[in-house]
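If you count the sequence shown from 1, position 55 lands on 174 in this note's numbering, and the numbers rise without skipping. Report on the structure given below.
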Amino acid sequence: MLLRRTFTAITFAASLAVLIACSGIPLLSPNREGMAPWDKLPDGNGIAWIHQYTHDPGIDPLYLACFQYENDAALQRVVDTFTLEPLPDETDVATFTDTMPDPIDWFPLDHVTATYVFGGSSAYPGGDREYVANLWVDSTKHIAIIERTWW
120 MLLRRTFTAI TFAASLAVLI ACSGIPLLSP NREGMAPWDK LPDGNGIAWI HQYTHDPGID
180 PLYLACFQYE NDAALQRVVD TFTLEPLPDE TDVATFTDTM PDPIDWFPLD HVTATYVFGG
240 SSAYPGGDRE YVANLWVDST KHIAIIERTW W
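Have a look at this one:
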């Protein structure tokens with residue numbers, strides 16, 4: 120009888136500990152935290168966000184944002200912050216912008232002078248992360264659009 124009560128008490132305590140520990144687990148994907156480009160890299164240091172768009176189906180949102188940059192150093196800060204690299208020659212951009220329910224008047228850019236991608240994406244050879252980040256740049260106007268999403 121004592122053994123049974125002890126087992127019941129231990130089981131109850133363990134269950135309670137698990138519930139308390141798991142209560143901090145978000146119901147939505149943890150990929151959301153710091154995912155919006157404007158959260159990860161706020162205005163300043165040569166960057167000014169112009170447009171922000173979120174398509175959030177409730178799992179992993181698509182973030183798209185347009186920004187102005189003052190100079191090449193500011194653009195390089197964006198490239199470095201999001202671990203981007205130039206799009207390899209003869210490679211298509213892996214993008215989820217075709218999943219947006221409505222067109223956006225500021226996307227795509229009218230003129231693209233450079234494209235950067237997250238090369239570690241599983242969408243590219245050798246990549247192993249289910250994540251994309253793309254940056255389309257118009258260096259003649261010093262504007263760019265960045266896309267970030269998980270799948």
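Backbone N, C-alpha and C fix where the C-beta goes; we use that ideal spot for every residue, glycine too. These numbers were taken from a predicted model, which means no experiment stands behind them.
Starting from the N-terminal side, write out each stretch of the beta strand (DSSP E) that is 3 residues or longer and does not extend beyond the stretch 215 to 262. 233 to 236 and 250 to 257
Touching by the beta-carbon criterion (3+ pairs, under 8 Å), the stretch 189 to 196 and the stretch 212 to 231: no
Contact the stretch 196 to 209 vs the stretch 153 to 161: 3+ CB pairs below 8 Å: yes
Please work out which residues of its chain come closer than 6 Å, Cβ to Cβ, to L181, disregarding the five sequence neighbours upstream and downstream, and give them in chain order. Translated into the one-based positions of the sequence shown, residue 181 becomes position 62. Excluding sequence neighbours, L181 sits near H174, F215 and T268.
Would you kindly work out how many angstroms separate the C-alpha atoms of K260 and V212, rounded to a whole number? Counted from its first residue, the sequence shown places residue 260 at position 141. Counted from its first residue, the sequence shown places residue 212 at position 93. Going from the Cα of K260 to the Cα of V212 covers about 22 Å.
May I ask you to report which of helix, strand or coil DSSP gives T173? The residue labelled residue 173 in the question sits at position 54 within the sequence shown. Strand.
Can you give me the C-alpha to C-alpha distance between D247 and L203, rounded to a whole angstrom? Stepping through the sequence shown from its first residue, residue 247 is reached at position 128. Stepping through the sequence shown from its first residue, residue 203 is reached at position 84. Distance between the alpha carbons of D247 and L203: 15 Å.
Using alpha carbons as the reference points, say which of V256, D224, W270 and S241 lies closest to Y95. Absent from the model: residue 95. The displayed extent of the chain is 120 to 270, so no value can be given.
Could you check if L254 is buried or exposed, using at least 16 other CB atoms within 10 Å of its CB as the buried criterion? In the sequence shown, the residue the question calls residue 254 occupies position 135. Buried, since its Cβ has 16 or more Cβ neighbours within 10 Å.
What whole-angstrom Cβ distance do I264 and L206 have, given they're in contact under 8 Å? Taking the sequence shown and counting its residues from 1, the one referred to as residue 264 is at position 145. Taking the sequence shown and counting its residues from 1, the one referred to as residue 206 is at position 87. With 8 Å as the limit, I264 and L206 do not qualify as a contact, their Cβ atoms being about 14 Å apart.
Got a sec, what are the start and stop residues for the alpha helix (DSSP H) L183 sits in? For the purposes of this step, residue 183 is identified with residue 64 of the sequence shown, where counting begins at 1. No alpha helix (DSSP H) holds L183; the beta strand (DSSP E) holding it covers L181 to Y188.
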